[in-house]
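**Student:** When we follow this note's numbering, the leftmost residue of the sequence shown carries the number 4, and every step to the right adds one.
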Amino acid sequence: MTQHLERKHMPVTREILVQIMAVITIIPLAPFICRFIPPVMIAGWNVDLIIAILIAIVIVRAIMWLVRPLIIAAFLIILGVLIYNQATNNYSFANIINDYKTIAYQNWLIREKKQPDVLSINPHLFENTLDKTTRLIRTKVNYQDSVVRNFSIQHSLESFDDYQGKFNMLTRYLSLFKYINTHFRYVPDAQRDEYFASARETILNGLGGDCDDHSILMASCLMSIGARCRLVIVQGHMYPELYAGNEQQYELLSQAIIQLFQKERIGRIYYHEHNNEYWINLDYTASYPGGPYMNDRVKQVIEL
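Below you can see the structure in the form of structure tokens.
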């Protein structure tokens, strides 16, 4: 009688083990699949991870339906791959946790904040005055220079390559921003003379200069790989802005920023908007694209 009960309970125990392994297999499989799914926004909510979870469930259930014991093998294979990736610094346990945290962060904690300044509410500021400063700055923004182009391509490929399939060229722009803002060092001009360095000069001097040198460098480099930029002059300062596109394209860019710069603990994405055109801050004072503006006393906008 005892032996009969033991034999009866063994299949039940095995079934519970199989179900547990199926669930554990879905957990790392879903965020990995999500990396190959384009961002999906529904009513302002990011749902591509939910879609990935559903796909992972279908895959695991299909394995269990076709050859049930293979779920144990699939679990061991995924576990082995994650352990190997942990050792080789590729997609590992930490990435899985971060991907889940990021999706929760995007949907519940992040709220964008439109910069409430005169740039957003006074269209006349977009009517550029071709004064001497504007003409001089424009001559320094040479995105067709070979040194600028080669520098930009090299550093646009350094970071976020795992997400290129998800965010396309945005990963290249954000990688280039990350390199420039990580390595740029502030060096003031002479007290009596304002000097505007070209992007080539700033690259060759080791990425040193003041705010206008940084702005010219950032705009030139991004434009050399296809981005659209402009420069904004405010009281005592100048900074570059990246064109994000319309509202839908801005939402995609903000999602990429939150995903790729998650270590910065982003609380707000700051932007300017006019006629459904969204621009985000790329100042050297910002640790992530769309960081806080230094001040809102806008004097001039330089279209490039």
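We put the beta carbon where it would ideally sit given N, CA and C, even for glycine.
On the DSSP letters alone, give me the boundaries of the beta strand (DSSP E) that Met67 sits inside.
**Tutor:** On the sequence shown, position 64 is the one that residue 67 refers to. Here Met67 belongs to no beta strand (DSSP E); instead the alpha helix (DSSP H) covers Asp51 to Leu69.
**Student:** From this set, Val26, Glu250 and Arg38, which residue's C-alpha is nearest Ile60's C-alpha?
**Tutor:** Stepping through the sequence shown from its first residue, residue 60 is reached at position 57. Of the listed residues, the one whose Cα sits closest to Ile60 is Val26.
**Student:** Is it true that the CB of Cys224 sits closer than 8 Å to the CB of Ala202?
**Tutor:** Here the question's residue 202 lines up with position 199 in the sequence shown. Here the question's residue 224 lines up with position 221 in the sequence shown. For Ala202 and Cys224, yes; Cβs fall inside 8 Å.
**Student:** Give me the Cα-Cα distance between Phe35 and Lys302, rounded to the nearest whole angstrom.
**Tutor:** Translated into the one-based positions of the sequence shown, residue 35 becomes position 32. Translated into the one-based positions of the sequence shown, residue 302 becomes position 299. When rounded, the distance between both Cα atoms is 47 Å.
**Student:** Measure the alpha-carbon distance for His12 versus Leu57 and round it to whole angstroms.
**Tutor:** In the sequence shown, counting from the first residue as 1, residue 12 sits at position 9. In the sequence shown, counting from the first residue as 1, residue 57 sits at position 54. Bear in mind that the predicted position of His12 carries a pLDDT of just 47, short of 50, making it unreliable; the figure below should be weighed with that in mind. Answer to the nearest angstrom: the Cα atoms are 31 Å apart.
**Student:** Taking Glu267 as the reference, give the member of Ala33, Gln251, Ala289 and Glu18 with the closest Cα.
**Tutor:** For the purposes of this step, residue 267 is taken as residue 264 along the sequence shown, with counting starting at 1. Glu267 has its Cα closest to that of Ala289, out of Ala33, Gln251, Ala289 and Glu18.
**Student:** Answer with buried or exposed for Ile80, where buried requires no fewer than 16 other C-beta atoms within 10 angstroms of its C-beta.
**Tutor:** Here residue 80 refers to the residue found at position 77 when the sequence shown is read from its first residue. By the neighbour-count rule (16 or more Cβ atoms within 10 Å), Ile80 is not buried but exposed.
**Student:** For the alpha helix (DSSP H) containing Lys181, list its first residue and its last residue.
**Tutor:** Here residue 181 is taken as the residue at index 178 of the sequence shown, counted from 1. Here the alpha helix (DSSP H) through Lys181 covers Met172 to His186.
**Student:** In or out: Pro72 buried (at least 16 other Cβ within 10 Å) or exposed?
**Tutor:** Translated into the one-based positions of the sequence shown, residue 72 becomes position 69. Burial call: exposed.
**Student:** I need the straight-line Cα distance from Gly229 to Tyr166, nearest angstrom please.
**Tutor:** The residue given as residue 229 occupies position 226 in the sequence shown. The residue given as residue 166 occupies position 163 in the sequence shown. Spanning the two alpha carbons is a distance of roughly 19 Å.
**Student:** Assess, as a yes-or-no matter, whether the stretch 132 to 147 is touched by the stretch 179 to 189 under the definition of 3 or more beta carbon pairs within less than 8 Å.
**Tutor:** No, they do not touch.
**Student:** How long is the line joining the alpha carbons of Trp282 and Gly294, rounded to whole angstroms?
**Tutor:** For the purposes of this step, residue 282 is identified with residue 279 of the sequence shown, where counting begins at 1. For the purposes of this step, residue 294 is identified with residue 291 of the sequence shown, where counting begins at 1. Cα to Cα, the separation comes out at about 12 Å.
**Student:** CB-CB under 8 Å to Ile29, same chain, minus the five flanking residues each way: which ones, in chain order?
**Tutor:** Taking the first residue of the sequence shown as position 1, residue 29 is located at position 26. Within the same chain, Ile29 has close Cβ partners Ile56, Ala59, Ile60 and Val63.
**Student:** Looking at the secondary structure, which residues open and close the alpha helix (DSSP H) in which Ala259 lies?
**Tutor:** Within the sequence shown, the letter at position 256 stands for residue 259. Glu250 to Leu263 is the extent of the alpha helix (DSSP H) around Ala259.
**Student:** If you drop the 5 nearest sequence neighbours on each side, which residues of the same chain put their C-beta closer than 6 Å to that of Leu191?
**Tutor:** Numbered from 1 along the sequence shown, position 188 holds the residue referred to as residue 191. Before going on, a small fix: residue 191 reads as Pro here, not Leu. Excluding sequence neighbours, Pro191 sits near Asp213.
**Student:** Identify, in the order they occur along the chain, each residue of the same chain with its Cβ nearer than 8 Å to the Cβ of Asn131, setting aside the five sequence neighbours on each side.
**Tutor:** As a working note, residue 131 is residue 128 in the sequence shown. Residue placement at Asn131 is poorly supported in this model, since its pLDDT is 47, which falls under 50; the coordinates still yield a value, given next. Excluding positions up to five away in sequence, the list reads Thr137, Gln303, Val304, Ile305 and Glu306.
**Student:** Could you tell me which residues DSSP pairs with Asn284 in its beta bridges?
**Tutor:** In the sequence shown, residue 284 corresponds to position 281, counting from 1. In DSSP, Asn284 forms a bridge with Glu244.
**Student:** Could you give the C-beta distance for Ser218 and Tyr242, rounded to a whole number, given that I count them as a contact under 8 Å?
**Tutor:** The residue you call residue 218 lines up with position 215 of the sequence shown. The residue you call residue 242 lines up with position 239 of the sequence shown. Right, the Cβ-Cβ distance comes to about 6 Å (below 8 Å), so this counts as a contact.
**Student:** Between Leu82, Tyr103 and Ala65, which lies nearest to Cys37 when the distance is taken from Cα to Cα?
**Tutor:** If you number the sequence shown from 1, residue 37 lands on position 34. Nearest of Leu82, Tyr103 and Ala65 to Cys37, Cα basis: Tyr103.
**Student:** Do you know whose CA, among Ala259, Gln251, Ser95 and Arg271, lies nearest Arg175's CA?
**Tutor:** In the sequence shown, counting from the first residue as 1, residue 175 sits at position 172. Answer by Cα proximity: Ala259.
**Student:** Note down the Cα distance separating Ile53 from Met44, rounded to an integer number of angstroms.
**Tutor:** On the sequence shown, position 50 is the one that residue 53 refers to. On the sequence shown, position 41 is the one that residue 44 refers to. Between Ile53 and Met44, the C-alpha separation is close to 11 Å.
**Student:** Note down the Cα distance separating Leu261 from Ala90, rounded to an integer number of angstroms.
**Tutor:** To locate residue 261, count along the sequence shown from 1; it is residue 258. To locate residue 90, count along the sequence shown from 1; it is residue 87. Reading off the sequence, residue 261 comes out as Ile, not Leu. Cα-Cα distance, rounded: 26 Å.
**Student:** Look at the Cβ atom of Tyr291, then the Cβ atom of Tyr274, and state whether they are nearer than 8 Å.
**Tutor:** Counting from one through the sequence shown, the residue named residue 291 turns up at place 288. Counting from one through the sequence shown, the residue named residue 274 turns up at place 271. Not a contact, by the Cβ cut-off of 8 Å.
**Student:** Could you tell me the distance, in whole angstroms, from the CA atom of Gly270 to the CA atom of Glu18?
**Tutor:** Locating residue 270 in the sequence shown gives position 267, where the first residue counts as 1. Locating residue 18 in the sequence shown gives position 15, where the first residue counts as 1. Those two C-alpha atoms are separated by around 45 Å.
**Student:** From the DSSP output, in three-state form, read off Arg141 for me.
**Tutor:** The residue you call residue 141 lines up with position 138 of the sequence shown. Note: Arg141 maps to helix in three-state DSSP.
**Student:** Quick check on DSSP: helix, strand or coil for Gly229?
**Tutor:** The residue labelled residue 229 in the question sits at position 226 within the sequence shown. Here Gly229 sits in coil by DSSP.
**Student:** On a CA-only basis, which of His186, Phe199 and Ala193 is nearest Gly209? Give me that one, please.
**Tutor:** As a position in the sequence shown, residue 209 is number 206, starting the count at 1. Considering only alpha carbons, the answer is His186.
**Student:** Classify Glu320: buried if its beta carbon has 16 or more other beta carbons within 10 angstroms, exposed otherwise.
**Tutor:** What is shown of the chain runs 4 to 307, which leaves residue 320 out entirely.
**Student:** Am I right that Leu256 and Leu173 are in contact with their C-beta atoms under 8 Å? What's the rounded C-beta distance?
**Tutor:** Mapped onto the sequence shown, residue 256 falls at position 253. Mapped onto the sequence shown, residue 173 falls at position 170. With a Cβ gap of about 6 Å, Leu256 and Leu173 count as contacting.
**Student:** Keeping to the same chain, check which residues put their C-beta closer than 7 Å to that of Phe163; ignore five residues upstream and five downstream.
**Tutor:** By one-based count along the sequence shown, residue 163 stands at place 160. Thr174, Leu177, Ser178 and Leu263.
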